[in-house]
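Engineer:
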């Protein structure tokens, strides 16, 4: 009986190992992961380097209203997480552009790069210029909310509306007593984390859902005309 139990345990461990080995992995630029819409690449020069920004450019599925919505993902998200929002906006007549920022998901991850919201805003603006988009409603989720704010400040004439969904950066956490962490401490913390493949499953692609036609969100959002 004991031998049978041990054999069963060993078999269980073996099968677990096989399942783990068969778990799909993704490349540095999410190779092997399928986006909900066609993925394009924008090649440009930044800080003396040639970089590529992955993005989706989705045409209206409903009656076109001549307007564009730009979706900016957060720190732990990709453009693909906007899948439901893209569907709603497209049905409402919007052209929808959803980029992966440099350093994220399907975009280049340069070894040396001075990241800032200003730089990411400049990259996003360069993409929109390349696509011939003069004005857009800019929608940012989480860290993307901070990026959307910076973009609107830098390019007010190109920003029709600013929408922030559960944004970070509006609170003064230091005043609230949250301990300070240096950049090096944050970096060390990030090195210890990773995203399991299930984090990119279709059911995980839903940070928010857009209410079609109104450019307002179902919860935790703020919308301003600029």
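Numbering (mature numbering (1 follows the signal peptide of the UniProt record, and there is no 0)), first residue to last: -21 to -1, 1 to 205.
Note that CB positions come from ideal geometry on N, CA and C, so glycine has one too.
Would you report the Cα separation of residue 11 and residue 78, rounded to the nearest angstrom?
Structural biologist: Taking the straight line from one Cα to the other gives about 18 angstroms.
Engineer: Does the beta carbon of residue 136 sit closer than 8 angstroms to a beta carbon anywhere in chain D?
Structural biologist: The structure shown has no chain D; it contains just one protein chain.
Engineer: In three-state DSSP terms, what is residue 24?
Structural biologist: Strand.
Engineer: So residue 129 is in the alpha helix (DSSP H); what residue range does that whole segment cover?
Structural biologist: Per DSSP, residue 129 belongs to the alpha helix (DSSP H) from 122 to 133.
Engineer: Do you know offhand how far residue 66's Cα is from residue 75's?
Structural biologist: C-alpha separation (whole angstroms): 9 angstroms.
Engineer: Suppose only complete runs of 3+ residues qualify. What are the beta strand (DSSP E) ranges in the region 67 to 104, listed by chain order?
Structural biologist: With a minimum length of 3 residues, the continuous beta strand (DSSP E) runs that stay inside the region 67 to 104 are 74 to 78.
Engineer: Apply the 10 Å Cβ neighbour rule to residue 164 and answer buried if 16 or more other Cβ atoms are within range, or exposed otherwise.
Structural biologist: Classification for residue 164: exposed.
Engineer: From the DSSP secondary-structure annotation, give me the bridge partner or partners of residue 60.
Structural biologist: Bridge partners of residue 60: none, in fact.
Engineer: Straight-line CA distance for residue 32 to residue 88?
Structural biologist: About 10 angstroms.
Engineer: Sorted by chain position, which residues of the same chain lie with C-beta nearer than 6 angstroms to residue 132's C-beta, five sequence neighbours on each side aside?
Structural biologist: So the list is empty, once near-sequence residues are dropped.
Engineer: If you measure between the beta carbons of residue 127 and residue 51, is that distance less than 8 angstroms?
Structural biologist: Yes, these two residues count as a Cβ contact at 8 angstroms.
Engineer: What is the rounded straight-line gap between the Cα of residue 37 and the Cα of residue 53?
Structural biologist: For residue 37 and residue 53, the distance between alpha carbons rounds to 20 angstroms.
Engineer: What would DSSP say about residue 163, mapped onto helix, strand or coil?
Structural biologist: Helix.
Engineer: Do you know how far the Cα of residue 114 is from the Cα of residue 137?
Structural biologist: Cα to Cα, residue 137 sits roughly 4 angstroms from residue 114.
Engineer: Rounded to the nearest angstrom, what separates residue 158 and residue 112 at their Cα positions?
Structural biologist: Their backbone Cα atoms lie some 42 angstroms apart in a straight line.
Engineer: What is the DSSP secondary structure of residue 136, reduced to helix, strand or coil?
Structural biologist: Helix.
Engineer: Taking the Cβ atom as the reference point for each residue, do residue 99 and residue 81 lie within a distance shorter than 8 angstroms?
Structural biologist: Contact: yes.
Engineer: From residue 95 to residue 102, what distance separates their C-alpha atoms?
Structural biologist: Their Cα atoms are separated by approximately 11 angstroms.
Engineer: Following a CB-centred definition, is residue 15 positioned closer than 7 angstroms to any heavy atom of the ligand HEM?
Structural biologist: Judged by which ligands are present, the structure shown has none, so any question about the ligand HEM falls away.
Engineer: Taking the beta carbon of residue 184 as the centre, do at least 16 other beta carbons fall within 10 Å, making it buried, or is it exposed?
Structural biologist: Caution is warranted here: a pLDDT of 48 is assigned to residue 184, below 50, making its placement in the model unreliable, and no coordinate value can be reported.
Engineer: So, residue 41 versus residue 72, is the Cβ gap smaller than 8 angstroms?
Structural biologist: Yes, these two residues count as a Cβ contact at 8 angstroms.
Engineer: Which one or two residues does DSSP pair with residue 48 in a beta bridge?
Structural biologist: The partner list for residue 48 (beta bridge, DSSP) reads 75 and 116.
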